[in-house]
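Protein chains in written order, with our numbering: chain A, 1 to 204; chain B, 205 to 408. We put the CB at the ideal spot given by N, CA and C, even for glycine.
Protein chains: 2
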Amino acid sequence: MHQSEYPSILLENAVEEFAKLPGIGRKTAMRLALHVLKQRNEDVNLFGNTFIKLKNEVKFCKICNNISDKEVCNICSDSSRNHSTLCVVENIKDVMAIENTGQYKGYYHVLGGIISPMDGIGPSDLNIQNLEHRITENKIIDEIIFALPTTMEGDTTNYYIHKKLKDYRLKFSVLARGVAIGDDLEYTDELTLGRSIINRIEFS
Amino acid sequence: MHQSEYPSILLENAVEEFAKLPGIGRKTAMRLALHVLKQRNEDVNLFGNTFIKLKNEVKFCKICNNISDKEVCNICSDSSRNHSTLCVVENIKDVMAIENTGQYKGYYHVLGGIISPMDGIGPSDLNIQNLEHRITENKIIDEIIFALPTTMEGDTTNYYIHKKLKDYRLKFSVLARGVAIGDDLEYTDELTLGRSIINRIEFS
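Below is the structure:
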């Protein structure tokens with residue numbers, strides 16, 4: 001039956017490639033492949049080559065490990081930011097999310113993942129060595145903000161980094177967790193609501 | 205704000221390309237671009253080139269317009285099929301769906317769309333001319349099965365083709381529409397349920 005399923009091996013290959021992407025099933029992959037087929041040649045060339053170019057030419061900032069088109073990213077090369085705080089994040093999406101708030105003016109350190117024994121990711125797979133290096137090199141840093149996920153893996157990573165850096169004169173902080181602004185209490189999960197009571201702040 | 209949103213123009217381009225795909229929003233596009241970035245170089249090259257290869261090398265069967273790797277598709281080159289019936293479908297997904305039932309052994313004719321004035325698609329944009337040509341060339345064909353969507357556009361297309369071919373000695377049929385096997389009546393839409401009563405068949 002397999003032979004008759006796809007009338008063309010080229011189409012089958014394209015479906016397979018789309019289906020390798022996370023969250024894309026075979027039906028969606030088929031729809032996407034047929035969409036690509038309908039586009040003009042130059043648009044399909046652009047489509048395919050964009051990913052090849054991304055993979056081959058993208059750089060990772062040699063200071064913070066953020067994605068960049070240059071050796072040092074836009075954030076690390078901006079000397080007007082607050083040199084005393086370093087925000088530790090899992091990946092570049094987190095950098096973008098925090099940057100979009102406009103509330104943080106310090107620098108970042110992108111780990112490129114979190115410690116996850118289940119997935120075979122240990123400290124040596126992450127950009128942790130370089131974090132200690134940055135702190136020994138740069139005496140101005142006085143606060144490390146952990147902005148990792150509130151999962152066992154995130155907590156483990158916080159703990160590991162804290163243990164590694166606790167002998168330096170540093171303040172360690174984590175993001176406040178609580179009921180999202182605008183959210184109804186009845187729809188907030190118990191863990192978050194409980195945490196927001198424990199960590200309540202003075203009314204002003 | 206746009207500048208700070210993406211730390212890399214290469215990444216931004218990749219996100220843009222994914223977001224051009226139907227049903228892929230910017231957030232998903234970002235997730236997919238970061239996924240691609242995590243893959244090995246050779247896998248990304250394969251990914252990108254597969255679509256370029258599909259677009260540049262794929263052929264459309266010169267008889268039925270089905271997608272194919274050859275001049276004539278596997279179905280049209282299979283002489284053991286029933287030469288007297290021709291099933292008219294909108295696109296190659298429909299061919300695949302009908303083939304997967306294993307219930308149809310005739311040949312196909314792929315229009316490559318349906319008549320849709322709203323989208324600026326007229327009869328001349330479709331593979332209709334060639335359908336008449338097939339019928340005049342091949343006297344064995346005695347039945348045309350319309351398997352187009354039950355929409356105004358589908359009905360218009362059926363009507364247009366029927367009008368064009370009605371002077372040939374041909375039987376015209378459409379797919380039976382009714383309550384899907386296993387479906388509850390209460391969840392079947394009124395139009396389908398109504399049609400299934402009108403087109404009821406003898407109990408045997």
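Give me the Cα-Cα distance between residue i and residue j, rounded to the nearest whole angstrom.
| i | j | result |
| --- | --- | --- |
| residue 260 (chain B) | residue 46 (chain A) | 13 Å |
| residue 98 (chain A) | residue 180 (chain A) | 15 Å |
| residue 21 (chain A) | residue 31 (chain A) | 14 Å |
| residue 265 (chain B) | residue 335 (chain B) | 13 Å |
| residue 343 (chain B) | residue 321 (chain B) | 33 Å |
| residue 276 (chain B) | residue 187 (chain A) | 59 Å |
| residue 2 (chain A) | residue 189 (chain A) | Here residue 2 (chain A) scores only 44 on pLDDT, less than 50, and its place in the model should not be relied on; the value that follows carries that caveat. Near 46 Å, if we compare the C-alpha coordinates of residue 189 (chain A) and residue 2 (chain A). |
| residue 361 (chain B) | residue 400 (chain B) | 23 Å |
| residue 298 (chain B) | residue 126 (chain A) | 48 Å |
| residue 42 (chain A) | residue 147 (chain A) | 42 Å |
| residue 114 (chain A) | residue 328 (chain B) | 57 Å |
| residue 155 (chain A) | residue 161 (chain A) | 10 Å |
| residue 293 (chain B) | residue 283 (chain B) | 20 Å |
| residue 82 (chain A) | residue 184 (chain A) | 35 Å |
| residue 205 (chain A) | residue 353 (chain B) | Look at the range of chain A in this structure, 1 to 204, and you will see that residue 205 (chain A) is not part of it. |
| residue 108 (chain A) | residue 9 (chain A) | 46 Å |
| residue 256 (chain B) | residue 23 (chain A) | 23 Å |
| residue 253 (chain B) | residue 379 (chain B) | 39 Å |
| residue 269 (chain B) | residue 339 (chain B) | 15 Å |
| residue 289 (chain B) | residue 7 (chain A) | 20 Å |
| residue 410 (chain B) | residue 308 (chain B) | Residue 410 (chain B) is absent from the model: chain B starts at 205 and stops at 408. |
| residue 324 (chain B) | residue 398 (chain B) | 32 Å |
| residue 244 (chain B) | residue 159 (chain A) | 31 Å |
| residue 375 (chain B) | residue 262 (chain B) | 34 Å |
Could you check where the alpha helix (DSSP H) with residue i kicks off and where it finishes?
| i | result |
| --- | --- |
| residue 93 (chain A) | 92-101 |
| residue 150 (chain B) | In this structure chain B extends from 205 to 408, so residue 150 (chain B) is not present and cannot be described. |
| residue 335 (chain B) | 333-341 |
| residue 86 (chain A) | Residue 86 (chain A) -> not in any alpha helix (DSSP H); beta strand (DSSP E) instead, spanning 85-89. |
| residue 180 (chain A) | Counting along the chain, residue 180 (chain A) falls outside any alpha helix (DSSP H), and DSSP gives it neither H nor E. |
| residue 235 (chain B) | 230-242 |
| residue 409 (chain B) | Within the shown structure, residues of chain B are numbered from 205 to 408, placing residue 409 (chain B) beyond reach of any answer. |
| residue 188 (chain A) | Neither: residue 188 (chain A) is in no alpha helix (DSSP H) and is coded neither H nor E. |
| residue 245 (chain B) | 245-261 |
| residue 5 (chain A) | 2-5 |
At a Cβ threshold of 7 Å, is residue i touching chain B?
| i | result |
| --- | --- |
| residue 214 (chain A) | Residue 214 (chain A) lies beyond the residue range present for chain A, which begins at 1 and ends at 204; the question has no answer from this structure. |
| residue 114 (chain A) | no |
| residue 11 (chain A) | yes |
Between residue i and chain A, is there a C-beta pair that is closer than 7 Å?
| i | result |
| --- | --- |
| residue 212 (chain B) | yes |
| residue 206 (chain B) | Note that residue 206 (chain B) scores a pLDDT of 44, beneath 50, so its modelled location is shaky; the value from the coordinates is reported in the next line. No, no contact with chain A. |
| residue 262 (chain B) | yes |
| residue 359 (chain B) | no |
| residue 270 (chain B) | yes |
| residue 277 (chain B) | yes |
| residue 273 (chain B) | yes |
Please look up how many angstroms separate the CB atoms of residue i and residue j, rounded, as I've assumed it's under 8 Å.
| i | j | result |
| --- | --- | --- |
| residue 230 (chain B) | residue 219 (chain B) | 7 Å |
| residue 13 (chain A) | residue 209 (chain B) | Incorrect: roughly 34 Å between the Cβ atoms, too far for contact. |
| residue 347 (chain B) | residue 377 (chain B) | 6 Å |
| residue 11 (chain A) | residue 258 (chain B) | 6 Å |
| residue 396 (chain B) | residue 381 (chain B) | 6 Å |
| residue 76 (chain A) | residue 92 (chain A) | No, residue 76 (chain A) and residue 92 (chain A) are not in contact; Cβ-Cβ is about 13 Å, not under 8 Å. |
| residue 306 (chain B) | residue 291 (chain B) | 14 Å between Cβ atoms; not a contact. |
Mind checking which residues open and close the beta strand (DSSP E) that includes residue i?
| i | result |
| --- | --- |
| residue 313 (chain B) | 311-314 |
| residue 377 (chain B) | 375-378 |
| residue 350 (chain B) | 347-350 |
Hey, does residue i have any beta-carbon neighbour from chain E nearer than 7 Å?
| i | result |
| --- | --- |
| residue 319 (chain B) | Looking for chain E here will not work: the only protein chains present are A and B. |
Near-chain B residues of the region 159-186 of chain A - C-beta to any C-beta below 9 Å: The residues in question: there are none.
Short-range partners of chain A found in the region 331-353 of chain B, where Cβ spacing is below 7 Å: Listed in chain order, the positions of the region 331-353 of chain B with a beta carbon within less than 7 Å of a beta carbon of chain A would be empty, since no residue qualifies.
Contact residues within the region 31-55 of chain A, judged by C-beta distance below 8 Å to chain B: Along the region 31-55 of chain A, going in chain order, the ones with a CB nearer than 8 Å to a CB of chain B are 31, 32, 33, 34, 35, 36, 37, 39, 41, 44, 45, 46, 47, 48, 49, 50, 51, 52, 53, 54, 55.
The region 13-26 of chain A: positions lying closer than 9 Å to chain B by Cβ: Of all residues in the region 13-26 of chain A, the ones placed with a Cβ closer than 9 Å to any Cβ belonging to chain B are 13, 14, 16, 17, 18, 20, 21, 22, 23, 24, in chain order.
Contact list for the region 298-310 of chain B against chain A, Cβ threshold 9 Å: Residues of the region 298-310 of chain B with a Cβ closer than 9 Å to any Cβ of chain A, in chain order: 299, 300, 303, 304, 306.
Proximal residues, the region 285-299 of chain B versus chain A, C-beta separation under 8 Å: 295, 296, 297, 299
Chain A contacts made by the region 393-406 of chain B, where a contact means CB separation under 8 Å: none
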